[in-house]
Amino acid sequence: MEYNSKVLVVDSIHEKLLRFLNKNYEVTIEHPVTREKLQNIIKDYDVLVLRSGAQVDKKLLEQGSRLHTIIRAGTGTDNIDLKAVSERGINFYNTPSTNSRAVAELSFGLMHCLSRHIRRASNEIEKNIWNKKSLLGFELTQKKLGLVGFGSIGKEIADIAKGYRMDIHCTVSQYSTERAAQLAKEKITLHVDLHNMLRLCDIVVICCPYTEQTQQLIDAAALSCLSTGSILVNVARGGVIDEEQLWLALKEKRLYAAASDVFINERAPSPLFSLANFIGTPHIGAMSNESQQKIADLIIHYLQEQEKSIAGVRKQTSTLRPIFN
Numbered sequence: 003m004e005y006n007s008k009v010l011v012v013d014s015i016h017e018k019l020l021r022f023l024n025k026n027y028e029v030t031i032e033h034p035v036t037r038e039k040l041q042n043i044i045k046d047y048d049v050l051v052l053r054s055g056a057q058v059d060k061k062l063l064e065q066g067s068r069l070h071t072i073i074r075a076g077t078g079t080d081n082i083d084l085k086a087v088s089e090r091g092i093n094f095y096n097t098p099s100t101n102s103r104a105v106a107e108l109s110f111g112l113m114h115c116l117s118r119h120i121r122r123a124s125n126e127i128e129k130n131i132w133n134k135k136s137l138l139g140f141e142l143t144q145k146k147l148g149l150v151g152f153g154s155i156g157k158e159i160a161d162i163a164k165g166y167r168m169d170i171h172c173t174v175s176q177y178s179t180e181r182a183a184q185l186a187k188e189k190i191t192l193h194v195d196l197h198n199m200l201r202l203c204d205i206v207v208i209c210c211p212y213t214e215q216t217q218q219l220i221d222a223a224a225l226s227c228l229s230t231g232s233i234l235v236n237v238a239r240g241g242v243i244d245e246e247q248l249w250l251a252l253k254e255k256r257l258y259a260a261a262s263d264v265f266i267n268e269r270a271p272s273p274l275f276s277l278a279n280f281i282g283t284p285h286i287g288a289m290s291n292e293s294q295q296k297i298a299d300l301i302i303h304y305l306q307e308q309e310k311s312i313a314g315v316r317k318q319t320s321t322l323r324p325i326f327n
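Take 3 as the starting number for the sequence shown in the working numbering and just add one per residue.
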């Protein structure tokens, strides 16, 4: 990548990264950008920087004749056709683990909001309604916590949960007795069967990647395993839950409450929003200043290392490893 490369940014990015890009490249910011406009302008750019707002598929890539690098400022890749990117020989980078703590902390914020009726309490006090008895909730301390997925976010959630003296359980895509034994040393129980774990837990947090295997993983059958006093929190992707079945379970009070930072159709109305026992947030899991700085630092590192590589002066100790190139 040469320093006269043209960079297209189609999502919000940290000011530190923006300063670096403006100093070293010809930068265009199109945020928000429509699908139609992105298809029309992508042909003029060498580098695309995005988050979760834009979809990168084969059709878009066919228009990007100059495109040689795509940078996802975040972890998830469900909005990017990685196979098509690879087939075109485009370098792809994302920023794994940079937002894990922020997402983990948000999950606990949502747990607290649900367990202590914080939203309703705030709404009522604005109307000068002081009805403490109706706001009786419960503590998170020593509750059974189930984690659907145990990657970097799940590990951060478990780290926080230990401070609450919670009984931690988890499931992963590939169970092994070796990993179960390793987690047992950390006082975490790894389950073979998702449904069995759901039956045990007071609070369940979904924090797994969105894949073909996890699409609607939390379906009607899974939801039926949760107790009427349980809380469900989704900080993964909207498609991991069957949202219609979740709405029905909440409406019929088959579980205590649920919260989600992610939705199948983001920026679109959802029947879930009208439920008193549901809280939604607009995909803000990574939106902490600390997380965004980590993302900016890693992207700057990627770009600097790529410049060194092209100049033929890359150091042997370089840590740069694109997913593929």
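Don't be surprised by glycine CBs; every beta carbon is placed ideally from N, CA and C. As the structure is a prediction and not an experimental result, all values here were calculated from the model.
If contacts are defined as beta-carbon pairs under 8 Å, then K253 and L234 qualify, I think. What distance do you get, rounded to the angstrom?
The Cβ separation is near 14 Å, so there is no contact.
By the 10 Å Cβ neighbour count, where 16 or more other Cβ atoms means buried, how is E38 classified, buried or exposed?
exposed
Short check: CB of L300 to CB of T100, under 7 Å?
Yes.
Determine, using beta carbons only, whether Y47 and L23 come nearer to each other than 7 Å.
no
Run through DSSP, which three-state label would G148 get?
Strand, per DSSP.
With C-beta atoms as the reference, is G241 less than 7 Å away from I266?
yes
Strictly by DSSP, which residues pair up with F30?
Checking the displayed sequence, the identity of residue 30 turns out to be Thr instead of Phe. BP columns for T30 point to L10.
Rounded to whole angstroms, what is the Cα-Cα separation between G287 and V237?
7 Å
Figure out for me which residue from E32, D80 and K8 has the closest Cα to the Cα of I15.
E32
Starting from the Cα of L335, find the closest Cα among G76, N81, T77 and A75 and give me that residue.
The displayed coordinates of the chain run from 3 to 327. Any statement about residue 335 would go beyond what the structure contains.
For I243, does the three-state DSSP call read helix, strand or coil?
strand
Sort T36, S88 and V49 by Cα distance to E28 and report the nearest one.
V49
How is T173 classed by DSSP in three states: helix, strand or coil?
strand
Would DSSP call G76 helix, strand or coil?
coil
Beta carbon of V206, beta carbon of R239: below 7 Å?
no
Output needed for L196: all residues of its chain with C-beta closer than 6 Å, excluding positions within five of it in sequence on either side, in chain order.
Within the same chain, Cβ atoms closer than 6 Å to the Cβ of L196 are found at T173, the five residues on either side in sequence being excluded.
Which residues in the same chain have their Cβ closer than 7 Å to the Cβ of S320, if we skip the five residues on either side of it in sequence?
Low confidence applies to S320: its pLDDT is 40, below 50, so where it sits in the model is not reliable, and the reading given next is rough at best. So the list reads E307, once near-sequence residues are dropped.
Give the DSSP bridge partners of A251, in chain order.
Answer is none; A251 lacks a bridge partner.
Can you tell me where the beta strand (DSSP E) with V49 in it begins and where it stops?
V49 to L52
Across the region 111 to 128 and the region 141 to 158, are there enough close Cβ pairs to call them in contact, namely three or more that are closer than 8 Å?
yes
Does DSSP classify N93 as helix, strand or coil?
strand
Threshold first: 3 residues or longer. Then list the beta strand (DSSP E) segments lying entirely within the region 183 to 271, N to C.
190 to 192, 205 to 208, 233 to 236 and 259 to 262
Roughly how many whole angstroms lie between the Cα atoms of D161 and G153?
Here the alpha carbons of G153 and D161 stand approximately 12 Å from one another.
Would you decide whether D244 is buried or exposed? Buried here means 16 or more other CB atoms lie within 10 Å of its CB.
D244 comes out buried.
Return helix, strand or coil for F140, following the three-state DSSP convention.
coil
DSSP state of G111, grouped into three classes?
helix
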